[in-house]
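Numbering (this note's numbering), first residue to last: 639 to 1136.
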């Protein structure tokens, strides 16, 4: 069974390139030709009416790809101008070879840059720098990038838009290419779905160019796709509500009802057999009227005995949505983590309270699975690392925290990362429609529901499947309501069949 496709860092991809050339005796120029063919195929498919092109190349092998693209477009009868920028004495051998081949076919290679050509071209192809870039664009490359961003009609990036870190997606300098389409080679690069580069990459096509992973002892990270759904077990024909997961949701507070309602509705819609909401008594009437399928119990004051009875009843516990951070909420969270013998999902205010007692989190994770679902600001509270720094190091921050605490972390962002501290699963199924109030409550309920149903063979897979399905539901809802019009309830309405 499959979960998705491999997603590589810049270093991992460079190692794959090297192995392909050394262990399989694959010439670099052959890989360059294959890559260029894939770029031209993608351009032809995505921009079938385009006939005038500018190709802007740098001094390295990414520039060699660009020169080969220019030649192939020229041979198709297109109007092409090819600019190779930088000091010719520092061009790589492969780039020099591609220039010689192109010139033999009658293409003029220009060692300059022409702003007018960019304005007049249907498509501008960015082949300045690839995944090996380690510093910001400067000099003529920075000037060219500014002009391309301002003047180009459509932009296609070769492997990765120039100017970004291919591992974390950080903009390395003051500017980077903003592409409409990126054609990346062999495997998805982490930087394309993280940080600044996710916005800059546009549509991404992963092209097979004949570079294949050699697994050895490396556990490569995964970008989740529909393959993960094959891991979800079908519901047994002899199922009953008691065998489909008893979920306790400890959520809501004196003045907050919606969060516990959305989490519970999400869990029921995802297949939980029994859902009990433990919440402030102020919320009971609303639950009775709006979610009769759930059970409920209200409290005014903290009672350890009453809470423990609910904990002992459950197969899995979700705590935190709308819970508040007052003394009663803190006492409830503390006792839940101390007393539970079943998996616990901590969300929202539960995370904010947990950030004040990480030692208890570590102790709990030694006994039972604990899943945290922070957004970036909540992750800042957990780690003390500023949001801006988390954004440019999202995977490592999540992995380090998960490893240190023994938990599973679902770090929510425009790309969500699910990690147990060793492996990381990238979730890219959602879109900006998920930036709506209550979306996180829906995700928390979905995670808890699949955990209670033991939907897959592993906790990490189950949590990743939930995050993936949540993203798909949001994307599907956006097609009906628009990215600005999606409500949290719309996400629930668009859950795929589980």
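Ideal Cβ placement from N, Cα and C applies to all residues, glycine included. Because the structure is a prediction, the values reported are computed rather than measured.
For the segment 1046-1064 against the segment 912-923, are there 3 or more C-beta pairs whose distance is under 8 Å? No, they do not touch.
Skipping 5 residues on each side, what residues in its chain have a beta carbon closer than 8 Å to that of residue 659? If we look at residue 659 and ignore the five residues flanking it on each side, its Cβ neighbours are 665, 666 and 669.
Test: residue 1037 CB closer than 8 Å to a CB of chain B: The chain labelled as chain B is not found in the depicted structure, where only one protein chain is given.
Looking only at its chain, what residues have a beta carbon closer than 7 Å to the beta carbon of residue 1023, apart from the 5 residues adjacent to it on each side? 1035
Identify, in the order they occur along the chain, each residue of the same chain with its Cβ nearer than 8 Å to the Cβ of residue 963, setting aside the five sequence neighbours on each side. Correct list, in chain order: 987, 990 and 991.
Would you grab the beta carbon distance between residue 821 and residue 643 for me? Rounded to a whole angstrom, and I think it's under 8 Å. About 16 Å; that fails the 8 Å criterion.
Helix, strand or coil: which one does DSSP assign to residue 639? Annotation note: pLDDT 48 at residue 639 (below 50); position unreliable, coordinate value reported separately. Coil.
Output the boundary residues of the alpha helix (DSSP H) element that contains residue 847. Residue 847 -> no alpha helix (DSSP H), and no H or E assigned at all.
Under 8 Å between C-beta atoms of residue 830 and residue 842: Closer than 8 Å, so yes.
Residues near residue 639 in its chain [Cβ-Cβ closer than 7 Å; skip 5 each side]: With a pLDDT of only 48 at residue 639, under 50, the local geometry of the prediction cannot be trusted, and no value is derived from it.
Using alpha carbons as the reference points, say which of 929, 1134, 1075 and 688 lies closest to residue 714. 688
So, for residue 1065: in the same chain, excluding its five sequence neighbours on each side, which residues have a beta-carbon less than 6 Å away from its beta-carbon? Annotation for residue 1065: 862, 1054, 1105, 1106 and 1109 place their beta carbon closer than 6 Å to its own, counting only its chain and skipping 5 residues before and after.
C-alpha distance - residue 1088 paired with residue 1095, whole-angstrom precision: 11 Å
On a CA-only basis, which of 708, 879, 826 and 1100 is nearest residue 1009? Give me that one, please. The candidate whose alpha carbon is nearest that of residue 1009 is 1100.
Bridge-paired residues (DSSP) for residue 937: Under DSSP, residue 937 forms a beta bridge with 918.
Nearest-angstrom Cα distance between residue 1092 and residue 982? Note on geometry: alpha-carbon atoms of residue 1092 and residue 982 lie some 13 Å from one another.
Excluding the five sequence neighbours on either side, which residues of its own chain have a C-beta within less than 6 Å of the C-beta of residue 1013, listed in chain order? 1050
Spell out a yes or no on whether the segment 927-940 and the segment 870-883 are touching, meaning 3 or more CB-CB pairs, one atom from each, closer than 8 Å. no
Starting from the Cα of residue 823, find the closest Cα among 978, 838, 645 and 787 and give me that residue. 645
Endpoints, the alpha helix (DSSP H) within which residue 886 is located: Unbroken run through residue 886 is the beta strand (DSSP E), 884-888; no alpha helix (DSSP H).
Run the CB neighbour count on residue 926, radius 10 Å, all protein chains shown included, and call it buried at 16 or more, exposed below. exposed
My guess is that residue 1080 and residue 1126 are in contact by the Cβ rule of under 8 Å, so how many angstroms apart are they, rounded? 5 Å
Give the secondary structure of residue 766 by DSSP, where H, G and I count as helix, E and B as strand, and everything else as coil. coil
The alpha helix (DSSP H) spanning residue 816 covers which residue range? Element bounds for residue 816: n/a, residue is neither H nor E.
Count the C-beta pairs between the segment 800-812 and the segment 779-787 that are closer than 8 Å, then say yes if the count reaches three, no if not. yes
Extract the residue ranges of the beta strand (DSSP E) inside the segment 1004-1091, only unbroken runs of 3 or more that lie entirely within it. 1008-1010, 1046-1049, 1054-1057 and 1062-1065
How long is the line joining the alpha carbons of residue 961 and residue 974, rounded to whole angstroms? Near 13 Å, if we compare the C-alpha coordinates of residue 974 and residue 961.
Could you tell me the alpha carbon to alpha carbon distance between residue 751 and residue 721, rounded to whole angstroms? 6 Å
Helix, strand or coil: which one does DSSP assign to residue 773? Reduced to three states, the DSSP call for residue 773 is coil.
Continuous beta strand (DSSP E) stretch holding residue 693: start and end: Counting along the chain, the unbroken beta strand (DSSP E) around residue 693 starts and ends at 690-695.
Classify residue 747 as buried or exposed, calling it buried when 16 or more other Cβ atoms lie within 10 Å of its own Cβ. By the 10 Å Cβ count, residue 747 comes out buried.
Please tell me whether residue 692 and residue 756 are closer than 8 Å, where the distance is taken between their beta carbons. Contact: yes.
Nearest-angstrom Cα distance between residue 938 and residue 889? 13 Å
Who are the Cβ neighbours of residue 1069 in its own chain at under 7 Å, not counting the five residues just before and after it? 1112, 1113, 1116 and 1121
Does the Cβ-Cβ distance between residue 985 and residue 1078 come in under 8 Å? yes
Put residue 661 into one of helix, strand or coil per three-state DSSP. coil
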